[in-house]
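Under the UniProt record's numbering, the first residue of the sequence shown carries the number 1, and numbering increases by one thereafter. Here's the structure, in C-alpha cells; my notes come after.
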Amino acid sequence: MKKKVLLMGKSGSGKTSMRSIIFANYIARDTRRLGATIDVEHSHVRFLGNLVLNLWDCGGQDTFMENYFTSQRDNIFRNVEVLIYVFDVESRELEKDMHYYQSCLEAILQNSPDAKVFCLVHKMDLVQEDQRDLIFKEREDDLRRLSRPLDCACFRTSIWDETLYKAWSSIVYQLIPNVQQLESNLRSFAQIIEADEVLLFERATFLVISHYQCREQRDIHRFEKISNIIKQFKLSCR
Numbered sequence: 001m002k003k004k005v006l007l008m009g010k011s012g013s014g015k016t017s018m019r020s021i022i023f024a025n026y027i028a029r030d031t032r033r034l035g036a037t038i039d040v041e042h043s044h045v046r047f048l049g050n051l052v053l054n055l056w057d058c059g060g061q062d063t064f065m066e067n068y069f070t071s072q073r074d075n076i077f078r079n080v081e082v083l084i085y086v087f088d089v090e091s092r093e094l095e096k097d098m099h100y101y102q103s104c105l106e107a108i109l110q111n112s113p114d115a116k117v118f119c120l121v122h123k124m125d126l127v128q129e130d131q132r133d134l135i136f137k138e139r140e141d142d143l144r145r146l147s148r149p150l151d152c153a154c155f156r157t158s159i160w161d162e163t164l165y166k167a168w169s170s171i172v173y174q175l176i177p178n179v180q181q182l183e184s185n186l187r188s189f190a191q192i193i194e195a196d197e198v199l200l201f202e203r204a205t206f207l208v209i210s211h212y213q214c215r216e217q218r219d220i221h222r223f224e225k226i227s228n229i230i231k232q233f234k235l236s237c238r
C-alpha cells in the first residue's frame with residue numbers, strides 16, 4: 001500500500017535535512033554538507049510491512065516552485081495523501097512563503113481534496129527561548145486561517161531536539177490504516193505484562209507508531225526523547 005507524501009517549502013527551509021535525519025540516519029551536524037534539492041527527489045520508505053511512504057522532496061528554488069504550479073501541476077499534486085509544508089521561522093520573505101503555500105493548497109484542493117496538510121515551523125532553535133511560544137502561536141493562527149477550507153496541523157520543529165520526532169511521528173500516525181487494531185493489541189500486551197506504559201517504535205526510523213499507558217506520566221516529551229536517544233545510540237555503534 002503506497003502513500004504519496006509531498007515535502008515542500010522554500011529553498012533553505014530545512015526539508016532535506018529533516019528528511020535525512022528521520023529516514024537516512026543522519027545526525028544533525030552532518031546535514032550541513034547536504035546540497036540544495038534539484039527539482040524532485042523521490043524515496044520509498046517501508047513501514048510496518050506493507051505500508052510504503054512514497055516521499056517526494058520538492059526543491060524550493062523559485063523556478064522549480066513555479067513549474068510545480070504550472071507544467072508539473074497534475075503530476076505533483078495528484079493522488080497526494082499528505083502535504084508537509086516547511087517554513088523557515090527566520091525567513092525574510094514571509095509574504096512569498098505564504099504565497100507559495102497558498103498556491104500549494106489550491107493545487108491540492110483541485111487534485112487531492114482529501115489530503116491531510118501539516119505545516120512545520122522549522123529552525124525554532126534560532127528563536128530566543130522566551131519568544132518561541134508567542135512566535136509559534138502567531139504563525140499557527142496565520143497558517144490555519146490561510147488554509148481554510150482545508151484543516152492544517154502545525155508543529156514547531158528543530159533538527160537539534162526532539163520536536164522533529166514528535167512532528168513526524170504524528171504525521172506517520174495519520175497514515176497507518178490499522179492503528180486502532182495496533183492500539184488494542186498494545187493494551188492487551190501491557191495488561192498481560194502489567195506494564196505502566198508500552199511504546200511501539202518503527203524499526204528503521206524509531207518514530208513512535210503507537211502507545212498505551214494505564215497511568216498519567218509527567219514528561220509529555222518522553223516518546224521523542226527515547227526515539228532520539230535510541231537512534232543516537234544506534235548510530236554510535238556503527
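Even glycine gets a Cβ: it sits at the ideal position worked out from N, Cα and C.
Handout entry: Touching by the beta-carbon criterion (3+ pairs, under 8 Å), the region 137-149 and the region 176-189
Key = no
Practice task
Compute the Euclidean distance between the alpha carbons of Gln181 and Asn79, then round it to the nearest angstrom.
Solution key: 26 Å
Practice task
Determine the direct distance from the alpha carbon of Leu164 to that of Gln232, and round the result to whole angstroms.
Solution key: 14 Å
Handout entry: C-beta contact flag for Val172 and Leu207 at 8 Å
Key = yes
Exercise for the section: Compute the Euclidean distance between the alpha carbons of Lys4 and Glu41, then round it to the nearest angstrom. Expected result: 13 Å
Handout entry: Cβ-based neighbour list, Cys119, same chain, cut-off 7 Å, excluding 5 preceding and 5 following
Key = Tyr85, Phe87, Leu143, Cys152, Cys154
Handout entry: For Val121 and Phe136, believed in contact at Cβ under 8 Å, the rounded distance
Key = 6 Å
Practice task
Below 7 Å CB to CB, which residues in the same chain sit around Ser112 once its five sequence neighbours on both sides are set aside?
Solution key: Phe77, Arg78, Asn79, Val80
Handout entry: Residues bridged to Ile84 [DSSP beta-bridge criterion]
Key = Leu7, Phe118
Handout entry: Endpoints, alpha helix (DSSP H) assigned at Ala24
Key = Run containing Ala24: none; DSSP gives neither H nor E here.
Handout entry: CB-CB length for Met18 against Ile209, believed under 8 Å
Key = Not confirmed; about 18 Å, so no contact.
Exercise for the section: Rounded to whole angstroms, what's the CA-CA distance from Tyr100 to Leu94? Just pull it up for me. Expected result: 10 Å
Practice task
Put Leu150 into one of helix, strand or coil per three-state DSSP.
Solution key: coil
Practice task
Report the three-state DSSP secondary structure of Trp160 (helix, strand or coil).
Solution key: coil
Practice task
Starting from residue 286, follow the beta strand (DSSP E) in both directions and report where the run begins and ends.
Solution key: Not covered by the structure: residue 286. The range shown for the chain is 1 to 238.
Exercise for the section: Could you spell out where the alpha helix (DSSP H) holding Glu66 opens and where it closes? Expected result: 62-69
Practice task
Taking the CB atoms as reference points, tell me whether Val82 and Ala115 lie closer together than 8 Å.
Solution key: yes
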